[in-house]
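All remarks here apply to the structure that follows.
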Amino acid sequence: MSEEANASTDTTEATAAAATEEAGADVTDTAATADAAAEQEGAEGKDAEKAGDAEAGAEPFSLAAPEGAEAFQADFDAFAGDMDAWLKANPNATARDALTEAAMRQARLAGDAQKQMITQRDAQLDAWAGDLRKDTEFGGEKYDANVATAIKGLEAVGTPELRQLLDETGLGSHPDVVRAFWKVGQMVADTTVVNGQAGTSTRRNFADALYGNGNGKE
1 MSEEANASTD TTEATAAAAT EEAGADVTDT AATADAAAEQ EGAEGKDAEK AGDAEAGAEP
61 FSLAAPEGAE AFQADFDAFA GDMDAWLKAN PNATARDALT EAAMRQARLA GDAQKQMITQ
121 RDAQLDAWAG DLRKDTEFGG EKYDANVATA IKGLEAVGTP ELRQLLDETG LGSHPDVVRA
181 FWKVGQMVAD TTVVNGQAGT STRRNFADAL YGNGNGKE
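Taken in order, the sequence shown gives residues 1 to 218; the numbers are from full-length UniProt numbering.
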């Protein structure tokens, strides 16, 4: 074999060896990259699992009713449940954010409760007025005149403080209260209405007759 042929063979073998070595390096790098990616994915999965466990294991937000208010524990539980859901939905909220949300919720609850109380009060006044109008002794065609007599009775024995109390509590429209002042009024000789006119107005109830429209006096 000539020296030129030997040299060609050596070059071919060297090239093949280099290619083999380079291929092996690529395989090694690919395997290393795959291992690193798998390791990172596993770490992220463990972190997510730990976070989930921590969230699942976290104690829910709760409130215990203070001493003397145990009867309202259900209201405390409902408020705590709402705040617990809000805190979970806003994990990055600051203490100021949480206090602001709690204050806003309380304000809304107080407003709703006040509206409900007003509605219930109006319904009760209407019911009492209906009872008086249907009363065989007090109501019917004699209703307006008897209301005027009851007002006269209240003025004869009542005080401004009593009228304010009857207005604020709504008891000025309670049938028993109205009848009591009516009986007092019957003992009073002058049965003229407060404004000096005969009792022929068609007021809705005793409270209206006493205090005019709403809370103010006529």
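Virtual Cβ for every residue (Gly too), placed ideally from N, Cα, C.
Look at Gly-170 and Arg-121 and say whether their C-beta atoms are less than 8 angstroms apart. Residue numbering aside, residue 170 sits at position 170 when the sequence shown is read from its first letter. Residue numbering aside, residue 121 sits at position 121 when the sequence shown is read from its first letter. In contact: Gly-170 and Arg-121 (Cβ atoms closer than 8 angstroms).
Here's the rule I'm using: 16 or more other beta-carbon atoms within 10 Å means buried, otherwise exposed. How should Thr-94 be labelled? Here residue 94 refers to the residue found at position 94 when the sequence shown is read from its first residue. Exposed is the call here.
Find out if the Cβ-Cβ distance for the pair Ala-145, Trp-182 is shorter than 8 angstroms. Within the sequence shown, the letter at position 145 stands for residue 145. Within the sequence shown, the letter at position 182 stands for residue 182. Contact: no.
At what residues does the alpha helix (DSSP H) containing Asn-92 begin and finish? To locate residue 92, count along the sequence shown from 1; it is residue 92. First-last for Asn-92: undefined, no H or E at that position.
Could you check which residue in Ala-180, Arg-105 and Tyr-143 has the C-alpha nearest to that of Ala-156? Residue mapping note: residue 156 aligns to position 156 of the sequence shown, counting from 1. Looking at the Cα atoms, Ala-180 is the closest of the given residues.
Please state the DSSP three-state secondary structure of Glu-218. The residue you call residue 218 lines up with position 218 of the sequence shown. Unreliable placement is indicated for Glu-218, whose pLDDT of 42 sits below 50; the coordinate value is still reported in the next sentence. Coil at Glu-218, not helix or strand.
Assuming Ala-65 and Phe-76 are in contact, meaning their beta carbons sit under 8 angstroms apart, how far apart are those beta carbons, in whole angstroms? Looking up residue 65 in the sequence shown gives position 65. Looking up residue 76 in the sequence shown gives position 76. Going by Cβ atoms, the distance from Ala-65 to Phe-76 rounds to 5 angstroms, so yes, they are a contact pair.
By alpha-carbon positions, which one of Gln-164, Leu-165, Pro-160 and Phe-138 ends up nearest to Gln-186? Locating residue 186 in the sequence shown gives position 186, counting from the first residue. Nearest C-alpha to Gln-186: Phe-138.
Secondary structure, alpha helix (DSSP H): runs of 4+ residues fully inside the segment 105 to 192: 143 to 157, 160 to 169 and 175 to 187
Where Lys-88 sits in the DSSP three-state scheme: Reading the sequence shown from its first residue, position 88 is the one you call residue 88. In this structure, Lys-88 counts as helix in the three-state DSSP scheme.
Can you round the beta-carbon distance between Ser-173 and Ala-129 to whole angstroms, since I take them to be within the 8 angstroms contact cut? Counting from 1 along the sequence shown, the entry for residue 173 is found at position 173. Counting from 1 along the sequence shown, the entry for residue 129 is found at position 129. Between Ala-129 and Ser-173 the Cβ distance is about 6 angstroms, and since that is below 8 angstroms, they are a contact.
Cα-Cα separation between Gly-214 and Pro-60, rounded to whole angstroms: As a position in the sequence shown, residue 214 is number 214, starting the count at 1. As a position in the sequence shown, residue 60 is number 60, starting the count at 1. Per-residue confidence for Gly-214 stands at a pLDDT of 48, beneath the threshold of 50, marking its modelled position as unreliable; the derived number appears in the next sentence. Going from the Cα of Gly-214 to the Cα of Pro-60 covers about 46 angstroms.
Report all residues from its chain with a CB closer than 8 angstroms to the CB of Leu-162; omit the five preceding and five following residues, and keep chain order. On the sequence shown, residue 162 is found 162 positions in, with the first residue counted as 1. Correct list, in chain order: Leu-154.
Residues in the same chain with beta-carbon distance under 6 angstroms from Gln-73, minus the five sequence neighbours each way, listed in chain order, please. The residue given as residue 73 occupies position 73 in the sequence shown. Excluding residues within five positions, the ones whose Cβ falls inside 6 angstroms are Ala-65.
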